[in-house]
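Peer 1: For the sequence shown, position 108 (counting from the first letter as 1) is numbered 121 according to our numbering, and the numbering increases by one without interruption. Heads up, the beta-carbon is just placed ideally off N, CA and C, and yes, glycines get one too. Note that this is a predicted model, so its numbers are computed, not measured. Here it is: the structure, laid out below.
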Amino acid sequence: MTCLADLFTQISSQKKKTGVIAPKRFVQRVKKENEAFRSYMHQDAHEFLNFLLNVLVDILEKESKAAKSSPEADKSSDKIANGTCGPQANGVHKEPLVTWVHKNFQGILTNETRCLRCETVTARDETFFDLSLDIEQNSSITSCLKNFSSIETLNAEDKFFCDKCCSLQEAQKMMKIKKPPHILVIHLKRFKYIEQLGRYKKLSYRVVFPMELKLSNSVNDADSEYSLFAVVVHVGSGPNHGHYVSLIKSHDHWLCFDDENVEMIDEAMMQTFFGSAQEYSSNTDHGYILFYERTNAKS
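What follows is the structure, encoded as structure tokens:
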């Protein structure tokens with residue numbers, strides 16, 4: 014985390030108007046922490062993002078525990094144990110630590126299952142840092158999100174055990190967003206295992222991603238509005254080779270970061286990263302991970 018912080022400090026305190034900063038210390042640290050990144054094999058940007066966010070959370074949680082176990086923290090914990098400091102003095106109820114990673118990236122999904130015999134709805138919540146969406150040819154992020162929250166019928170061998178009926182029953186299952194995150198990260202499943210080929214294949218499907226997005230598949234049916242500010246683009250025709258570039262919106266301008274090359278691009282050019290309408294195309298630059306920031310969040 015300190016290597017990452019140093020990198021951002023270097024960027025923000027840089028007095029030169031042009032030039033690049035090589036993230037050498039950060040990359041060395043990542044390689045030390047995770048052997049998957051030590052070789053020269055190509056790695057997946059989505060897997061790297063998940064690794065990075067989860068490691069940051071682990072570090073922040075360990076730091077918080079270490080701070081609480083310090084002598085000063087012991088004094089306050091004694092007060093709590095003696096009932097002189099707030100509710101739940103016996104320490105039974107502990108709120109989970111909410112780090113800045115959670116505040117920015119974490120949302121909550123609710124998995125609702127309705128028994129078709131007694132109509133009882135069972136809901137189970139789960140947290141997420143990003144949404145991985147299945148994609149189809151000539152589709153959009155909005156349609157992908159609708160498919161993500163579409164009703165699935167559980168029958169035959171997939172029947173649901175209903176606690177009220179005390180037996181397996183046909184049911185309908187649906188996934189909705191209970192708490193939208195501040196930063197919505199959408200991962201497009203562009204790499205699919207094809208059984209006939211016995212390997213993964215890259216899907217170059219054209220998936221339109223808007224600059225402004227309304228998230229309508231939420232529990233309370235109140236639309237959450239988001240604005241696109243970054244895109245990770247996969248360049249290449251297959252999953253085992255290729256290259257990643259980043260498109261970042263800064264001061265109302267879009268910039269393309271391709272290793273040490275940085276150039277300003279027109280917003281209209283973003284459409285070239287939607288994907289290919291045909292099966293085979295010379296264009297292999299496809300949007301892979303999208304970053305949206307919530308614009309109508311309540312304080």
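Is the number of C-beta pairs between the segment 165-179 and the segment 120-138 that are closer than 8 Å three or more?
Peer 2: Verdict: yes, contact present.
Peer 1: How many Å lie between residue 14 and residue 72 at the Cα?
Peer 2: Computed Cα separation, rounded: 8 Å.
Peer 1: What residues are listed by DSSP as bridge partners for residue 173?
Peer 2: Per DSSP, 182.
Peer 1: Could you check the C-alpha separation between residue 159 and residue 296 for me, to the nearest Å?
Peer 2: Taking the straight line joining both Cα atoms gives about 27 Å.
Peer 1: Is it the case that the segment 187-201 contacts the segment 128-145, given that we only count it when at least three CB pairs across the two stretches are under 8 Å?
Peer 2: Segments in contact, yes.
Peer 1: On a CA-only basis, which of 214, 63, 37 is nearest residue 206? Give me that one, please.
Peer 2: Comparing Cα positions, the closest option is 214.
Peer 1: When we look at the beta-carbon of residue 157 and count the other beta-carbons within 10 Å, is it buried (16 or more) or exposed?
Peer 2: Looking at its Cβ environment, which holds 16 or more other Cβ atoms inside 10 Å, residue 157 is buried.
Peer 1: Strictly by DSSP, which residues pair up with residue 122?
Peer 2: Answer is 139, 190, bridged to residue 122.
Peer 1: How big is the Cα-Cα spacing for residue 41 and residue 133?
Peer 2: Cα to Cα, residue 41 sits roughly 53 Å from residue 133.
Peer 1: Note the first and the last residue of the continuous alpha helix (DSSP H) segment covering residue 61.
Peer 2: 58-81 is the extent of the alpha helix (DSSP H) around residue 61.
Peer 1: In three-state DSSP terms, what is residue 237?
Peer 2: DSSP places residue 237 in strand when its eight states are reduced to three.
Peer 1: For residue 307, does the three-state DSSP call read helix, strand or coil?
Peer 2: In this structure, residue 307 counts as strand in the three-state DSSP scheme.
Peer 1: Do you know how far the Cα of residue 181 is from the Cα of residue 167?
Peer 2: One C-alpha to the other measures close to 10 Å.
Peer 1: Over the uninterrupted alpha helix (DSSP H) stretch that includes residue 40, give me the two end residues.
Peer 2: Looking at the DSSP string, the run of the alpha helix (DSSP H) that includes residue 40 is 37-46.
Peer 1: Distance, Cα to Cα, residue 257 vs residue 59?
Peer 2: In a straight line, the C-alpha of residue 257 is about 11 Å away from that of residue 59.
Peer 1: Rounded to the nearest angstrom, what separates residue 36 and residue 308 at their Cα positions?
Peer 2: Spanning the two alpha carbons is a distance of roughly 31 Å.
Peer 1: Does the ligand GDP have a heavy atom nearer than 7 Å to the CB of residue 123?
Peer 2: Among the components of this structure there are no ligands whatsoever, and the ligand GDP is therefore not found.
Peer 1: Enumerate in chain order the residues of its own chain whose CB-to-CB distance from residue 56 is below 7 Å, with the five nearest sequence positions on each side excluded.
Peer 2: Here the set comprises 49, 50.
Peer 1: Can you tell me the Cβ-Cβ gap for residue 222 and residue 287, rounded? I've got them flagged as a contact below 8 Å.
Peer 2: So it is a contact: roughly 7 Å between Cβ atoms.
Peer 1: By DSSP, does residue 254 sit in helix, in strand, or in coil?
Peer 2: Residue 254: coil per DSSP, three-state reduction.
Peer 1: Relative to the C-alpha of residue 269, which candidate in 242, 161, 252 has its C-alpha closest?
Peer 2: If we check each option's Cα against that of residue 269, 242 comes out closest.
Peer 1: According to DSSP, what are the bridge partners of residue 134?
Peer 2: According to DSSP, which records beta bridges pairwise, residue 134 is partnered with 127.
Peer 1: According to DSSP, simplified to helix, strand and coil, what is residue 104?
Peer 2: Summary for residue 104: the model assigns pLDDT 49, below 50, so the residue's position carries little reliability; its value from the coordinates is reported in the next sentence. If DSSP states are grouped into helix, strand and coil, residue 104 belongs with coil.
Peer 1: Would residue 294 and residue 231 qualify as a contact pair, given that the criterion is a beta-carbon distance under 8 Å?
Peer 2: Taking 8 Å as the Cβ cut-off, residue 294 and residue 231 do not qualify as a contacting pair.
Peer 1: Considering only DSSP beta bridges, list what residue 293 is partnered with.
Peer 2: Its beta-bridge partners do not exist; DSSP assigns none.
Peer 1: Among 46, 245, 184, 246, which has the Cα closest to the Cα of residue 64?
Peer 2: When each option's Cα is compared against that of residue 64, the closest is 46.
Peer 1: Along the chain, where does the beta strand (DSSP E) that runs through residue 144 open and close?
Peer 2: Segment 144-146, the beta strand (DSSP E) holding residue 144.
Peer 1: Measuring alpha carbon to alpha carbon, tell me which residue in 112, 145, 81, 117 is nearest residue 301.
Peer 2: For the residues 112, 145, 81, 117, the minimum Cα distance to residue 301 belongs to 145.
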